[in-house]
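The numbering of the sequence shown is this note's numbering, which starts it at 827 and goes up by one.
Built from N, CA and C at the ideal position, the CB exists for glycine as well.
Since we're looking at a predicted model, the values are computed, not measured.
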Amino acid sequence: MLAVGKTFTLRTNTMTTTVLRYTQPIGEEPPDGATFGGLEVRTCNLATASEPRQVNVAPWSLEWSDGKTNNNKWSNVVAAEYPFNYKTLKPGRCVKGWIVFTVPVKGKPFVAVYEGEGNRGQPAEWKLS
Numbered sequence: 827m828l829a830v831g832k833t834f835t836l837r838t839n840t841m842t843t844t845v846l847r848y849t850q851p852i853g854e855e856p857p858d859g860a861t862f863g864g865l866e867v868r869t870c871n872l873a874t875a876s877e878p879r880q881v882n883v884a885p886w887s888l889e890w891s892d893g894k895t896n897n898n899k900w901s902n903v904v905a906a907e908y909p910f911n912y913k914t915l916k917p918g919r920c921v922k923g924w925i926v927f928t929v930p931v932k933g934k935p936f937v938a939v940y941e942g943e944g945n946r947g948q949p950a951e952w953k954l955s
């Protein structure tokens, strides 16, 4: 398991992704008595990559110590948002922004999980608490 701030290199050796921090609450409160929690993330398509790659929020989730998983992501909560829809990264380019989740007011997630096409079946995990 990675510490926040550590970089994961996908097994294709063409992309990296890093959880920079987790913040809760973030933005305004959503309905239903929940709150928003945000992962600040940076993903890069390395200069050595032979082609552009697409990124978005879909491969990201949060997990709690009891095993529950959260994939409930929101858009338009913060200004510096990670691409909600697909964004193409040319070789040598990076994207950085917030991925916002609806989370319970009490308690915080245990890990942030990234499992995209480049690491299917071998998710990267960052310990949050």
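Assuming residue i and residue j make a contact with CB atoms under 8 Å, what is their CB distance in whole Å?
i      : j      : result
Arg879 : Thr840 : 7 Å
Phe927 : Lys899 : 6 Å
Gly853 : Val937 : Incorrect: roughly 22 Å between the Cβ atoms, too far for contact.
Ala860 : Val929 : 6 Å
Leu954 : Lys934 : 7 Å
Leu828 : Trp952 : 5 Å
Gly944 : Val867 : Going by Cβ atoms, the distance from Gly944 to Val867 rounds to 15 Å, so no, they are not a contact pair.
Lys913 : Val921 : 6 Å
How would you write the range of the beta strand (DSSP E) that residue i sits in, first residue to last?
i      : result
Trp952 : 950–953
Lys922 : 919–929
Lys913 : 913–915
Gly864 : 861–871
Glu854 : Note, Glu854: premise wrong, no beta strand (DSSP E); not H, not E.
Arg879 : 879–881
Thr843 : 841–849
Tyr940 : 937–940
Thr833 : 833–835
Please name the residue in the options whose C-alpha comes closest to that of residue i.
i      : options                        : result
Pro875 : Thr849, Val931, Gly918         : The question names Pro, but residue 875 is Ala in the sequence shown. Out of Thr849, Val931, Gly918, Gly918 has the C-alpha closest to the C-alpha of Ala875.
Gly942 : Leu836, Val830, Trp890         : Leu836
Thr838 : Tyr912, Arg946, Pro935         : Arg946
Leu846 : Pro857, Glu855, Phe834         : Phe834
Gly831 : Thr869, Pro856, Gln850         : Thr869
Thr895 : Pro856, Ser887, Lys922         : Ser887
Thr849 : Gly923, Ser901, Glu855, Gly864 : Gly864
Ser901 : Ile925, Thr844, Glu889         : Ile925
Given 8 Å, three or more beta-carbon pairs between the segment 870–890 and the segment 908–916: yes
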